[in-house]
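Colleague:
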Amino acid sequence: MEKLKIGVVGAGLIGQVGHIPNLMKLSSRFELIGVADASPRMRAALGERGLKAFPNHQSLMETPLDALLIAAPDQYHCEITLAALAKGLHVFCEKPLSFSVAEAREIAAARDRARRVVQVGYMKRFDPNYELLRGMLPKNGQGLRFISVEVQDPDFWPFNQHQGEFIKSDDLPRELIEDGRRRMVEQVQRATGRVLGGAELRGFTNSYCSSLIHNINAVHGLLDLMGIETGTVIGAAFFAGGDGGHGSLRLKNCDAIWQMTHLFVPHVADYRERVSLYFDDCVFELTFPSPYLNHFPTRLHVARSDGNVWQRTEYRAGYEEAFIRELLGFWSSVVEGAPVRNTVEDAERDLELAARLAEYALRE
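Position 345 (the sequence shown) corresponds to 406 in my numbering; numbering is contiguous.
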């Protein structure tokens with residue numbers, strides 16, 4: 062079996078509890094060459110764990126690689142992806158691929174020139190119960206009335222306590238922190254046409270582009286299956302000091318509304334993420350676990366009635382981990398030429414909707 066020589070950029074939370082250990086588990090398909098991180102403390106700890114550490118993505122890419130996995134802070138995703146493609150590497154990039162549609166288009170053009178695979182890290186498309194739901198939905202979307210997305214998020218603190226020794230990167234140089242902040246503001250301005258700060262910046266980058274972007278992508282996949290198009294934004298807001306983001310749309314091709322809300326609830330150690338589709342005669346509900354919990358199954362419930370008899374059935378397609386399945390999908394696309402799931406074009410469409418929601422939310 063062909064192995065891909067792969068490097069990882071970014072050893073933060075999702076790198077430590079997800080991608081790095083998962084690549085090591087998939088040692089028959091991936092050879093983890095090294096990890097780049099800006100934190101000296103992180104690099105020392107990686108070395109103690111037997112991993113070769115690099116101070117930046119440039120030095121990592123000087124080693125022989127086939128592919129790069131990017132889990133750096135969001136504002137560096139576009140730059141590193143373009144640099145990797147210029148080196149002739151295949152790229153797996155965590156969401157968001159970028160903050161703006163324009164940057165996504167730059168990446169698509171670079172991918173086409175390099176003739177390499179670029180896959181975006183939307184693991185929900187690889188979730189076994191998400192795939193099961195796709196097989197249950199009516200292909201024409203007949204009877205769809207409402208889609209609801211609700212995310213209650215305490216952030217990561219309750220879910221990394223059992224993951225072993227977690228390394229915190231609290232020794233980054235001040236100039237690097239300031240550079241990251243500047244890049245974020247500039248890229249968000251490119252995405253929204255406005256200089257944002259405070260609650261608005263947090264709402265756009267966190268609620269829209271870090272959390273709800275997953276659900277936007279997942280719902281887009283379901284709408285595509287049913288032949289339904291995203292329609293007009295009819296409501297959007299940042300709230301709770303930027304800890305919350307909301308959006309509502311009227312869908313095309315059917316008389317239905319799609320609403321979505323994300324809210325950080327920082328002092329409640331409970332994560333809830335629900336995607337519900339309401340039809341004339343049934344309700345489908347996906348309930349996702351925290352993304353920082355491995356092999357916790359997503360729950361799929363289907364509710365139906367026959368007269369006065371009401372039935373709610375739970376389906377469980379298995380315990381396969383979506384984060385592992387997306388890496389297997391990436392390997393298959395690179396090595397076997399399988400179609401890419403979660404393309405640059407998918408990410409571009411997701412970012413376009415996030416920008417339209419922000420335009421509505423930022424109205425004077």
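The beta carbon of each residue, even a glycine, is placed where N, CA and C say it ideally should be.
(1) Is the CB-CB distance between Val-178 and Val-401 below 7 Å?
(2) Quick one: Cα of Cys-270 to Cα of Phe-160, how far?
(3) Which residue's Cα is closest to the Cα of His-138: Glu-155, Leu-126, Pro-125 and Leu-150?
(4) Any idea what DSSP makes of Asn-375, helix, strand or coil?
(5) How many whole angstroms separate the CB atoms of Leu-84 and Leu-388, which I take to be in contact at a CB cut-off of 8 Å?
(6) Tell me the DSSP secondary structure of Val-181 in three-state form.
(7) Counting only the same chain and skipping the five closest in sequence on each side, list residues whose C-beta sits under 7 Å from that of Met-103.
(8) List the endpoints of the continuous beta strand (DSSP E) containing Ile-318.
(9) Flag this pair as yes or no: are the beta carbons of Leu-150 and Ala-171 separated by less than 7 Å?
(10) Going by alpha carbons, who is nearest to Lys-113 out of Gln-119, Pro-125, Gly-95 and Phe-340?
(11) If I measure Cβ to Cβ from Leu-121 and keep anything under 6 Å in the same chain, skipping five residues before and after, which residues do I get?
(12) In this structure, how does DSSP classify Ala-163 when only helix, strand and coil are distinguished?
(13) Pick helix, strand or coil for Ala-297, following the three-state DSSP scheme.
(14) If you reduce the DSSP assignment to three classes, tell me which class Cys-315 lands in.
(15) Buried or exposed: where does Arg-90 fall if 16 or more other Cβ atoms within 10 Å of its Cβ makes it buried?
(16) Note down, in chain order, each residue of its chain lying with its Cβ closer than 7 Å to the Cβ of Asp-341, except the 5 sequence neighbours on either side.
(17) Alpha helix (DSSP H) containing His-281: first to last residue?
(18) On the three-state DSSP scale, how would you describe Ile-131?
(19) Take Ser-272 and list the residues in its own chain whose beta-carbon comes closer than 7 Å to its own, dropping the five residues that flank it on each side.
(20) How about Tyr-353 and Phe-187: do their beta carbons lie closer than 7 Å?
(21) Taking one C-beta from the stretch 284-298 and one from the stretch 311-319 each time, how about it: are there three or more such pairs within less than 8 Å?
(22) In three-state terms, what does DSSP make of Tyr-339?
(23) If you draw a straight line from the C-alpha of Ala-132 to the C-alpha of Lys-148, how long is it?
(24) On the DSSP bridge assignment, give the partners of Leu-347 in chain order.
(25) For Arg-176, does the three-state DSSP call read helix, strand or coil?
(26) Going by beta carbon distance, what residues of the same chain come within less than 6 Å of Glu-164, once the five residues before and after it are set aside?
(27) For the beta strand (DSSP E) holding Leu-87, just list the boundary residues, first then last.
(28) Who are the near neighbours of Ala-145 in its chain, counting only those whose CB is closer than 6 Å to its CB and skipping five residues on each side?
(29) Is DSSP giving Phe-217 helix, strand or coil here?
(30) Note down, in chain order, each residue of its chain lying with its Cβ closer than 6 Å to the Cβ of Ala-252, except the 5 sequence neighbours on either side.
(31) Could you pull out every residue in the same chain whose Cβ sits closer than 8 Å to the Cβ of Asp-127, ignoring the five residues on either side in sequence?
(32) Since Val-256 contacts Gln-248 with CB under 8 Å, what's their CB separation in whole angstroms?
(33) Within the continuous beta strand (DSSP E) that includes Glu-155, where are the two ends?
(34) Tell me whether Pro-157 is buried or exposed, calling it buried when 16 or more other Cβ atoms sit within 10 Å of its Cβ.
Modeller: Taking the definition as stated:
(1) In the sequence shown, counting from the first residue as 1, residue 178 sits at position 117. In the sequence shown, counting from the first residue as 1, residue 401 sits at position 340. Yes.
(2) Here residue 270 corresponds to residue number 209 of the sequence shown, with the count starting at 1. Here residue 160 corresponds to residue number 99 of the sequence shown, with the count starting at 1. C-alpha separation (whole angstroms): 7 Å.
(3) Against the sequence shown, residue 138 aligns to sequence position 77. Comparing Cα positions, the closest option is Glu-155.
(4) On the sequence shown, residue 375 is found 314 positions in, with the first residue counted as 1. Residue identity check: residue 375 is Glu in the sequence provided, not Asn. Glu-375 falls in the strand class under three-state DSSP.
(5) Residue 84 sits at position 23 when you count from the first residue of the sequence shown. Residue 388 sits at position 327 when you count from the first residue of the sequence shown. Indeed they touch by this definition, with Cβ atoms about 7 Å apart.
(6) Here residue 181 is taken as the residue at index 120 of the sequence shown, counted from 1. The answer is strand: DSSP assigns Val-181 an E or B state.
(7) Taking the sequence shown and counting its residues from 1, one reaches residue 103 at position 42. The residues are Ala-72, Ile-228 and Ser-230.
(8) In the sequence shown, residue 318 corresponds to position 257, counting from 1. Element bounds for Ile-318: 318-325.
(9) Position 89 of the sequence shown, counting from 1, holds the residue named residue 150. Position 110 of the sequence shown, counting from 1, holds the residue named residue 171. Not closer than 7 Å, so no.
(10) Counting from 1 along the sequence shown, the entry for residue 113 is found at position 52. Closest option to Lys-113, Cα to Cα, is Gly-95.
(11) Start at 1 with the first residue of the sequence shown, and residue 121 comes out as number 60. Result list for Leu-121: Gly-68, Gly-95, Ala-97 and Phe-115, in chain order.
(12) Position 102 of the sequence shown, counted from the start, is the residue given in the question as residue 163. Three-state DSSP puts Ala-163 in a helix.
(13) Residue numbering aside, residue 297 sits at position 236 when the sequence shown is read from its first letter. Reduced to three states, the DSSP call for Ala-297 is strand.
(14) Position 254 of the sequence shown, counted from the start, is the residue given in the question as residue 315. Looking at Cys-315 - three-state DSSP - the assignment turns out to be coil, as it is neither helix nor strand.
(15) Counted from its first residue, the sequence shown places residue 90 at position 29. Buried is the call here.
(16) Taking the sequence shown and counting its residues from 1, one reaches residue 341 at position 280. Answer for Asp-341: Gly-204 and Arg-206, listed in chain order.
(17) By one-based count along the sequence shown, residue 281 stands at place 220. Going by DSSP, His-281 is part of the alpha helix (DSSP H) stretching over 274-287.
(18) Translated into positions along the sequence shown, residue 131 becomes position 70. Looking at Ile-131 - three-state DSSP - the assignment turns out to be strand.
(19) Here residue 272 refers to the residue found at position 211 when the sequence shown is read from its first residue. Only residues of its own chain outside the window of five on either side were considered, and among them Val-212, Asp-214 and His-323 have a CB closer than 7 Å to the CB of Ser-272, listed in chain order.
(20) Position 292 of the sequence shown holds residue 353. Position 126 of the sequence shown holds residue 187. Result no, Cβ atoms of Tyr-353 and Phe-187 do not sit closer than 7 Å.
(21) Counting Cβ pairs under 8 Å, three or more are found: they touch.
(22) The count along the sequence shown starts at 1 and reaches residue 339 at position 278. DSSP places Tyr-339 in strand when its eight states are reduced to three.
(23) On the sequence shown, position 71 is the one that residue 132 refers to. On the sequence shown, position 87 is the one that residue 148 refers to. The alpha-carbon atoms of Ala-132 and Lys-148 are separated by roughly 18 Å.
(24) Your numbering for residue 347 matches position 286 in the sequence shown. BP columns for Leu-347 point to Val-336 and Leu-361.
(25) Locating residue 176 in the sequence shown gives position 115, counting from the first residue. Looking at Arg-176 - three-state DSSP - the assignment turns out to be coil, as it is neither helix nor strand.
(26) Counted from its first residue, the sequence shown places residue 164 at position 103. So the list reads Cys-139, once near-sequence residues are dropped.
(27) Stepping through the sequence shown from its first residue, residue 87 is reached at position 26. Careful: Leu-87 lies outside any beta strand (DSSP E) and carries neither H nor E.
(28) Residue numbering aside, residue 145 sits at position 84 when the sequence shown is read from its first letter. Counting only Cβ-Cβ distances below 6 Å, and skipping sequence neighbours, we find Leu-129 and Val-152.
(29) As a working note, residue 217 is residue 156 in the sequence shown. It is coil, neither helix nor strand.
(30) Position 191 of the sequence shown, counting from 1, holds the residue named residue 252. Within the same chain, Ala-252 has close Cβ partners Phe-160, Ser-161 and Ala-416.
(31) Start at 1 with the first residue of the sequence shown, and residue 127 comes out as number 66. Cβ neighbours of Asp-127 beyond the five flanking positions: Leu-65, Lys-66, Ile-67, Leu-150, His-151 and Val-395.
(32) In the sequence shown, residue 256 corresponds to position 195, counting from 1. In the sequence shown, residue 248 corresponds to position 187, counting from 1. About 11 Å separates the beta carbon of Val-256 from that of Gln-248, a gap too long to meet the 8 Å contact definition.
(33) Here residue 155 refers to the residue found at position 94 of the sequence shown. Its beta strand (DSSP E) spans residues 151-155.
(34) On the sequence shown, position 96 is the one that residue 157 refers to. Only buried fits Pro-157, as 16 or more other CB atoms lie within 10 angstroms of its CB.
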